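For the sequence shown, the working numbering assigns the number 48 to the last residue and increments by one with no breaks. Built from N, CA and C at the ideal position, the CB exists for glycine as well. Since this is a predicted model, take the numbers as computed values, not measurements.
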Amino acid sequence: MSFVYHGNYVKYFEMGRIDWLNKLGFSYKKMEENGI
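(1) Which residues in the same chain have their Cβ closer than 8 Å to the Cβ of leucine 3, if we skip the five residues on either side of it in sequence?
(2) State the DSSP-derived secondary structure class of methionine 43, mapped to helix, strand or coil.
(3) Under a three-way DSSP split, which group does tyrosine 17 fall into?
(4) If you draw a straight line from the alpha carbon of glycine 28 to that of histidine 18, how long is it in whole angstroms?
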């Protein structure tokens, strides 16, 4: 069993969020341009 240091949770959640948005057809760049 592996353990994840609690300080890394935010990094992993952000990676998952970006991947999820990419799969939905959104890019981080487009979100910034639209002010979201």
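Answer, in terms of the structure:
(1) Any answer about residue 3 is impossible in this case: the structure gives the chain only from 13 up to 48.
(2) helix
(3) coil
(4) 16 Å
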